[in-house]
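Peer 1: Pasting a structure here, questions to come.
Protein chains: 2
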Amino acid sequence: MHTDTALRPWEALKALAEAGDAKRLEKYMSAIGPSEAFRALLRLTKEEQERVLTTLPPVEAADLIEEIPEEHAADIIEQMDAKAAASILNEMESDEQADVLAEMEEKDAAAIVAEMDPEEAADVVELIRYPHFSAGGLMMTEYSAYLENITVGEALDDLSARVAEEAVGQEAHVYVVSPSGALVGVLDLRDLVLSARTTPLADVLKSPLYVGAETDLDDLEEFFDRHDFHAVPVVDAHQRLIGMVRRSAVEEALTERADQDFLKSQGIIGGDEIRTMPVLTRARRRLSWLSLNIVLNVIAASVIAFYEDTLRAAIALAVFLPIVSDMSGCSGNQAVAVSMRELSLGVVKPFEALRVWLQEVSVGIINGTVLGCLIAGAAWAWKGNPYLGLVVGGALAVNTVVAVSIGGTVPLLLKRMNVDPAVASGPILTTVTDMCGFFLVLGFATIMLSHVAMP
Amino acid sequence: MHTDTALRPWEALKALAEAGDAKRLEKYMSAIGPSEAFRALLRLTKEEQERVLTTLPPVEAADLIEEIPEEHAADIIEQMDAKAAASILNEMESDEQADVLAEMEEKDAAAIVAEMDPEEAADVVELIRYPHFSAGGLMMTEYSAYLENITVGEALDDLSARVAEEAVGQEAHVYVVSPSGALVGVLDLRDLVLSARTTPLADVLKSPLYVGAETDLDDLEEFFDRHDFHAVPVVDAHQRLIGMVRRSAVEEALTERADQDFLKSQGIIGGDEIRTMPVLTRARRRLSWLSLNIVLNVIAASVIAFYEDTLRAAIALAVFLPIVSDMSGCSGNQAVAVSMRELSLGVVKPFEALRVWLQEVSVGIINGTVLGCLIAGAAWAWKGNPYLGLVVGGALAVNTVVAVSIGGTVPLLLKRMNVDPAVASGPILTTVTDMCGFFLVLGFATIMLSHVAMP
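First to last, the sequence lines map onto chains A and B. Just so we're aligned: 141 in the working numbering is position 152 of the first sequence, and the numbers increase by one with no gaps anywhere. Just so we're aligned: 154 in the working numbering is position 165 of the second sequence, and the numbers increase by one with no gaps anywhere.
As structure tokens, then:
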């Protein structure tokens, strides 16, 4: 039943775009909302997507593009005619323009920028130079700034005029700059309306808090944690006002980073995947991660090859090898998750690996003992051989401590080496705990071979 | 070197609190900032934490508590004297009060509420009834609402007075209600300052957009996607205004949910873990997840036990069992991650499992073939037996398709059954792909036993 109604939007979109009915297309899309419109768009071919976007007035197309995750927006825009793409980008906010262009191939981005409004183009070329997760990368260039020597009344009049022509956003504050462009103050709308119209701005401004363009996302989060502002001004090395970062941009970036970390930890790297992307692209991206993992897996499992004789003498051990390695992996992943979380909350710093290790070892000993006893009991009960239980239980207990030690500390060490812990922690953890688990089970069994060998 | 300066804050905090020096404590904490203060607080004993919070003026203590993740804030507040706790809670915003109280044991929360300002208490008792990730759970009761028959001038004067006494926040809009409390309009500060003071609000109000208290987080995200508002009013079943949800509250909740999903997917369930929590609590929480996993692991590995004869005849297979199960797990986790992401973006709906399955199968066949060939080559090269390669390569190829099919569709099916996919997807995936992988390797080997058996 619902499949029917759910399929309709993309068919409707396609039909309206083919008919070239801009008015009805616009109305239809605003009725279904941007996220449903995005879903529908993804079902269309590249040509159909382009037709929808060129049929819409550029302002509406820009609104739609701003709601789509950047990478997918870039994919869609990139294939369009540069002129059509530029007319849509012209209508977007500068921070969104930069985000979308940054996701494209340089050549395509340059072609589009060449077709944009010269003023918009100049701004975005500046913005695109900054790393995505920095104040420069998150800032926008649409803000209101006035010279310090004009009056409250002049500022209010200009503001009203610009509000009327929708040239300013909802931000309820303005910046005050010196003739050289240096940031000297900030005023919120309330300060303006509650002051006499003839007062010069210089007499009512408050001294501003600001950040540098290179400020990173963690520091921006900290800033907005400490200050209940909607936005913060960004200055260059000469204290000149160059942009404004909104709280919402920081919060979006934090969600984006958390999502990316989750994807990376599960082996989706090199950009988000949406299943409407071409199969070969998806397969290739996933394979780049998998082929590294298979090499690591083969290395880890090669430990087993050294103990073929032990294994042949006590074939029951083969049942426990994957159990010990999987369970240690689970314990280690818990420690990885807690470390990633503590790093992102800032309650642990990368140099505190020793403290984290001590805190993990205590949990590892308790959990290793409990899990070791469980698996030892299962082994004993199954084969009636307490030594088999001792071997696999002992191996699991020791390997659990190893796993939490590695899982807890590796993210900190990687962070310290400036390697992304979301990507690298998992494979390192799995490889080491697998090798170590196989070695412990088979090593203990070799030592006790006369007790665990079974015909 | 840095260890020195990093250790200082918590010692300083402790010393200042013991000296009872509220002024300097306050100054010190605002100098280091809330996240550093939180880090420092975590290093103190429960008694020392309480001393710090009771030494601070309640307003400052409330500011600090608002910056701490809810669960940890609740832990700290819960152990305090109810009266002291209530005086801090009184100074918090209503949505934060509700979040913190919701994390406590009911008895403790009730004791604190009993000591709170009656008015604050009445509000928070209302708020606490709503699920955390709903409009009711995220809303605050501090907003400005005026009757429709007062004038613009009266509203502005009241607003100025309340701004002066800091009784209203930064939100640049007010709500207009009928005498029965029904929401009839919204006005932003600009509308007010640009209108004649004698105009009744009824003549300038805009008709409001609003949500019901039961609106869930996904719908709120969608709302703020569609509308560039800072906040949305919340109404009850009788259209009466009962609260306001800020955009920032929705964005925080989204980040919180993304973090929780990551933690859950790695086996940290039943609440966040911070390593300063008691060891036994941490061990117990992690064990609840591990002990379920060990049972599933034993069930999966028991497949191996049925093929002991095959394994004894071709002991080299033991090396490949963990490789096939681990690699399939990796492929399956990639599919889980993409499904979780698509669900959260809303580009896939829970009833579209069939479409997702088809899209995963195509990637699975490609990647399974590539990985199968790699492992087959390795097996052949190692033992010089092409049949061994055929068995393990074939098993990995087939199992990769199984893994991506399960990994892609299980999160959708779980969501449809209202089970949290972040928690349950991993164990289901691992158990099925392990069982299936062992069965495929050993089953294929049994069929070809005369070719793969090696002395």
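Yeah, the Cβ is synthetic: ideal placement off N, Cα and C, and Gly gets one too. Computed from a predicted model, the values in this text were never measured in an experiment.
Once the 5 residues before and after Gly383/A are set aside, which same chain residues still bring their CB inside 8 Å of it?
Peer 2: So the list reads Gly361, Ala365, Leu429, Phe433, once near-sequence residues are dropped.
Peer 1: Is there at least one Cβ from chain B nearer than 9 Å to His227/A's Cβ?
Peer 2: No, because no Cβ of chain B sits closer than 9 Å to the Cβ of His227/A.
Peer 1: Does Ile65/B get closer than 9 Å to chain A when you measure Cβ to Cβ?
Peer 2: So no, Ile65/B is outside the interface.
Peer 1: Can you check whether the C-beta of Gln68/B is within less than 9 Å of a C-beta belonging to chain A?
Peer 2: No, no contact with chain A.
Peer 1: Measuring CA to CA, which of Leu136/B, Val313/B, Leu385/B, Tyr376/B is closest to Ser439/B?
Peer 2: Nearest of Leu136/B, Val313/B, Leu385/B, Tyr376/B to Ser439/B, Cα basis: Tyr376/B.
Peer 1: Would you kindly report the start and end of the unbroken alpha helix (DSSP H) that includes Leu33/A?
Peer 2: Counting along the chain, Leu33/A falls outside any alpha helix (DSSP H), and DSSP gives it neither H nor E.
Peer 1: Can you confirm whether the region 333 to 353 of chain A touches the region 339 to 351 of chain B when touching is taken to mean that 3 or more C-beta pairs between the two stretches lie within less than 8 Å?
Peer 2: As far as the Cβ criterion goes, the region 339 to 351 of chain B does not touch the region 333 to 353 of chain A, which means the pair count is below three.
Peer 1: Quick one: using the 10 Å Cβ neighbour count with 16 as the cut-off for buried, is Gly9/B buried or exposed?
Peer 2: By the 10 Å Cβ count, Gly9/B comes out exposed.
Peer 1: Compute the Euclidean distance between the alpha carbons of Leu385/A and Gln249/B, then round it to the nearest angstrom.
Peer 2: Leu385/A and Gln249/B: Cα-Cα distance of roughly 28 Å.
Peer 1: Is it buried or exposed for Ile304/B, if we count other Cβ within 10 angstroms and need 16 for buried?
Peer 2: Buried, since its Cβ has 16 or more Cβ neighbours within 10 Å.
Peer 1: In terms of residue numbering, what span does the beta strand (DSSP E) encompassing Arg264/B cover?
Peer 2: Arg264/B -> no beta strand (DSSP E), and no H or E assigned at all.
Peer 1: Using C-beta distances below 7 Å, list every residue in its chain close to Pro339/B, excluding the 5 sequence neighbours before and after it, in chain order.
Peer 2: Excluding residues within five positions, the ones whose Cβ falls inside 7 Å are Leu401, Lys404, Arg405.
Peer 1: Using the beta-carbon of each residue, which ones in chain A are nearer than 7 Å to Ala134/B?
Peer 2: Simply none; closest approach about 19 Å.
Peer 1: Would Leu334/A count as contacting chain B if we go by Cβ distances under 9 Å?
Peer 2: Cβ-Cβ to chain B under 9 Å: yes for Leu334/A.
Peer 1: On the DSSP letters alone, give me the boundaries of the alpha helix (DSSP H) that Ala413/A sits inside.
Peer 2: Here the alpha helix (DSSP H) through Ala413/A covers 410 to 436.
Peer 1: Would you say Met406/B faces chain A, with C-beta separation under 9 Å as the test?
Peer 2: No, its Cβ sits nowhere closer than 9 Å to a Cβ of chain A.
Peer 1: Using a Cβ-Cβ cut-off of 6 Å (strictly less than) and excluding sequence neighbours within five positions of Arg414/A, which residues of its own chain qualify?
Peer 2: It is Ser, not Arg, that sits at residue 414/A in the sequence shown. Counting only Cβ-Cβ distances below 6 Å, and skipping sequence neighbours, we find Val325, Val399, Pro400.
Peer 1: Out of Glu297/B, Ser317/B, Ser320/B, state which residue places its alpha-carbon closest to the alpha-carbon of Phe500/A.
Peer 2: Since the first residue shown for chain A is -10 and the last is 444, residue 500/A is missing from the structure and cannot be characterised.
Peer 1: Between Leu243/B and Glu211/B, how many whole angstroms is the CB-CB distance? I'm expecting something under 8 Å.
Peer 2: Not really, about 12 Å apart at Cβ, beyond 8 Å.
Peer 1: Would you decide whether Gln445/B is buried or exposed? Buried here means 16 or more other CB atoms lie within 10 Å of its CB.
Peer 2: For chain B, the structure presents residues -10 to 444; residue 445/B sits outside this window and is missing.
Peer 1: Tell me the rounded alpha-carbon separation between Thr422/B and Ser320/B.
Peer 2: The straight-line gap from Cα to Cα measures roughly 10 Å.
Peer 1: Between Arg229/A and Val223/A, what straight-line distance do the alpha-carbon atoms span, to the nearest angstrom?
Peer 2: In a straight line, the C-alpha of Arg229/A is about 8 Å away from that of Val223/A.
Peer 1: Of the choices Asp207/A, Ala134/A, Asp180/A, Asp208/A, whose alpha-carbon is the least far from that of Val173/A?
Peer 2: It is Ala134/A whose Cα lies nearest to the Cα of Val173/A.
Peer 1: DSSP three-state call for Lys338/B: helix, strand or coil?
Peer 2: DSSP places Lys338/B in coil when its eight states are reduced to three.
Peer 1: Determine the direct distance from the alpha carbon of Arg118/B to that of Leu363/A, and round the result to whole angstroms.
Peer 2: If I take the Cα positions, the gap works out to 41 Å.
Peer 1: Against Ser314/A, what residues of chain B qualify as contacts under a CB-to-CB distance less than 7 Å, listed in chain order?
Peer 2: Ordered by position in chain B, the residues that pass the 7 Å Cβ test against Ser314/A are Pro311.
Peer 1: Using C-beta distances below 6 Å, list every residue in its chain close to Leu145/A, excluding the 5 sequence neighbours before and after it, in chain order.
Peer 2: Correct list, in chain order: Leu181.
Peer 1: Taking only beta-carbon positions, decide if Ala247/A is within less than 9 Å of chain B.
Peer 2: It does: the Cβ of Ala247/A has a partner Cβ on chain B nearer than 9 Å.
Peer 1: Check whether the region 260 to 278 of chain B and the region 258 to 268 of chain A touch, using three or more Cβ-Cβ pairs below 8 Å as the test.
Peer 2: Contact between the region 260 to 278 of chain B and the region 258 to 268 of chain A is absent, because fewer than three Cβ pairs lie under 8 Å.
Peer 1: Does the distance from the C-beta atom of Ser254/B to that of Phe213/A stay below 9 Å?
Peer 2: No, Cβ-Cβ distance for Ser254/B and Phe213/A is not below 9 Å.
Peer 1: When Cβ atoms are compared, which residues of the region 286 to 297 of chain B fall closer than 8 Å to chain D?
Peer 2: The structure shown contains no chain D; its protein chains are A and B.
Peer 1: What residues of chain B sit near Pro23/A, judged by a beta carbon separation below 7 Å?
Peer 2: The contacting residues are Asp214, Arg215.
Peer 1: Is it the case that the Cβ atoms of Leu45/A and Ala11/A are separated by a distance below 9 Å?
Peer 2: In contact: Leu45/A and Ala11/A (Cβ atoms closer than 9 Å).
Peer 1: Tell me the DSSP secondary structure of Pro(-2)/A in three-state form.
Peer 2: Helix.
Peer 1: So Met18/B is in the alpha helix (DSSP H); what residue range does that whole segment cover?
Peer 2: Counting along the chain, the alpha helix (DSSP H) containing Met18/B begins and ends at 11 to 21.
Peer 1: Since Ala272/B meets chain A, which of its residues come closer than 7 Å, beta carbon to beta carbon?
Peer 2: Correct list: Val352, Ile355, Asn356.
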